[in-house]
Amino acid sequence: MAVNTSTYSVPPFNRFQHRRSTIAFISRPSSRLICYTGARIVSVHSQKPGSERSAIVSEAGDPSKSSSSSTASAIDFLTLCHSLKTTKRKGWINHGIKGPESIADHMYRMALMALIAGDLPAVNRERCIKIAIVHDIAEAIVGDITPSDGVPKEEKSRREQAALTEMCKILGGGMRAEEIQELWEEYENNASLEANLVKDFDKVEMILQALEYEMEHGKVLDEFFLSTAGKFQTEIGKSWAAEINSRRNARLAEKSN
Numbered sequence: 001m002a003v004n005t006s007t008y009s010v011p012p013f014n015r016f017q018h019r020r021s022t023i024a025f026i027s028r029p030s031s032r033l034i035c036y037t038g039a040r041i042v043s044v045h046s047q048k049p050g051s052e053r054s055a056i057v058s059e060a061g062d063p064s065k066s067s068s069s070s071t072a073s074a075i076d077f078l079t080l081c082h083s084l085k086t087t088k089r090k091g092w093i094n095h096g097i098k099g100p101e102s103i104a105d106h107m108y109r110m111a112l113m114a115l116i117a118g119d120l121p122a123v124n125r126e127r128c129i130k131i132a133i134v135h136d137i138a139e140a141i142v143g144d145i146t147p148s149d150g151v152p153k154e155e156k157s158r159r160e161q162a163a164l165t166e167m168c169k170i171l172g173g174g175m176r177a178e179e180i181q182e183l184w185e186e187y188e189n190n191a192s193l194e195a196n197l198v199k200d201f202d203k204v205e206m207i208l209q210a211l212e213y214e215m216e217h218g219k220v221l222d223e224f225f226l227s228t229a230g231k232f233q234t235e236i237g238k239s240w241a242a243e244i245n246s247r248r249n250a251r252l253a254e255k256s257n
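Residues in the sequence shown are numbered from 1 upward in steps of one, following the UniProt record's numbering.
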C-alpha cells in the first residue's frame with residue numbers, strides 16, 4: 001500500500017519468523033508437503049531412490065494422475081492466497097483505523113473499477129480486471145510493504161518478484177502461472193495502457209477508502225490525498241480522483257462552518 005513515492009522499506013524477508021503464526025500443512029498425492037508460515041514457504045518431496053524417472057513416466061501416461069496433480073496445485077495456490085483476505089492494509093493500521101480493509105478487499109474494488117469504467121480506445125477491459133486481481137498477489141507471502149517499513153523500491157520489487165515466482169511454482173507452472181507472472185510484470189513496469197489505468201485505479205481506490213475512513217472514524221487523512229495529487233496518468237483516473245476530492249473538500253468545508 002503506497003502512500004508516497006519516497007524510499008520504500010520493509011523488514012527482512014524472514015520477518016515472519018519472529019511472530020506467532022498458524023502453520024499450514026498441505027498434503028499432496030505426489031508425497032509433496034508444503035508448509036508455510038506467513039512469508040516462509042517450504043516444499044519437501046519424498047520419493048524412493050531411483051523412482052523419480054518411473055514416476056514421471058507413469059504420470060505422463062496416466063491422465064488421471066496428471067489431473068490429480070493439477071487439482072492439488074490449484075488448491076495449494078488458493079490456500080496460500082487466503083492470506084490476502086486476512087492481511088490488513090498496513091497504511092490504515094499505521095493511522096489507527098480499527099478493522100481496516102484487507103489486501104483482497106483493495107484488489108476486489110479495483111477490479112470493479114475496471115469492470116464499470118467506460119469504454120476506452122485501445123484498452124482491453126478484461127486485461128485490466130486481471131491485472132487488478134493479481135497486482136498485489138505477491139503480498140500473500142511478503143505482506144503489505146509500505147514506505148514506513150524503510151526499504152528501497154527496487155528491493156521491494158525484488159522481494160515481490162521472488163514471492164511471485166514461488167507462488168507460480170506452487171501453482172504448478174504452465175500457462176496460467178505464466179499469465180499471472182506476465183500480468184504482474186506488466187503492472188510493475190507500467191508497460192501498457194491497461195497497466196496505466198490500473199495504476200490509477202490503485203490510487204483512486206486508496207483515496208476513496210481514505211475518504212470513507214475519514215467519514216466513519218472522524219479522522220483527517222491528508223497524507224493519502226497529498227501523496228497522490230498530480231500522479232494520475234489517465235483521464236478517467238483524473239476524473240474519478242477529482243470527484244472524490246470534490247466530495248471531500250465539500251465535507252471539510254461543511255464541518256468547518
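For every residue, glycine included, the Cβ atom is placed at its ideal position computed from N, Cα and C.
Neighbour-count burial assignment, residue i, 16 or more Cβ in a 10 Å radius
| i | result |
| --- | --- |
| residue 76 | buried |
| residue 160 | buried |
| residue 248 | buried |
| residue 226 | exposed |
| residue 111 | buried |
| residue 220 | exposed |
| residue 130 | buried |
| residue 132 | buried |
| residue 183 | buried |
| residue 215 | exposed |
| residue 208 | buried |
| residue 210 | buried |
Sequence-distant residues of its chain with Cβ nearer than 7 Å to residue i (five each side left out)
| i | result |
| --- | --- |
| residue 85 | 102, 104 |
| residue 124 | 194 |
| residue 231 | 203 |
Closest Cα partner of residue i within the set the options
| i | options | result |
| --- | --- | --- |
| residue 218 | 70, 98, 78, 89 | 98 |
| residue 87 | 137, 131, 128, 124 | 137 |
| residue 269 | 134, 74, 100 | Since the first residue of the chain shown is 1 and the last is 257, residue 269 is not available in this structure. |
| residue 162 | 196, 223, 185, 228 | 185 |
| residue 143 | 94, 89, 180 | 89 |
| residue 74 | 198, 173, 230 | 173 |
| residue 70 | 222, 176, 252 | 176 |
| residue 92 | 229, 224, 243 | 224 |
| residue 239 | 113, 179, 147 | 113 |
Own chain, CB closer than 6 Å to residue i, minus 5 neighbours either side, in chain order
| i | result |
| --- | --- |
| residue 83 | 140 |
| residue 81 | 140 |
| residue 9 | Legend: pLDDT at residue 9 = 40, less than 50; position of this residue unreliable, value from coordinates given subsequently. 149, 150, 151, listed in sequence order. |
| residue 241 | 204, 232 |
ask   = Can you give, in chain order, each stretch of the beta strand (DSSP E) that sits fully within the segment 66-143 and has at least 3 residues?
value = With a minimum length of 3 residues, there is no unbroken run of beta strand (DSSP E) contained wholly in the segment 66-143.
query = So does the segment 104-116 actually touch the segment 190-210, counting three or more Cβ pairs closer than 8 Å?
reply = The count of Cβ pairs closer than 8 Å, one atom from the segment 104-116 and one from the segment 190-210, reaches three, so the stretches are in contact.
key: Residue ranges of each beta strand (DSSP E) within the segment 196-257, 3 or longer   = You should have found no qualifying run.
ask   = Is the segment 110-121 close to the segment 168-177, with three or more CB pairs under 8 Å?
value = Not touching, per the Cβ criterion.
ask   = Fully enclosed by the segment 143-189, which alpha helix (DSSP H) runs are 4 residues long or longer?
value = Complete alpha helix (DSSP H) runs here, min 4: 153-171, 174-188.
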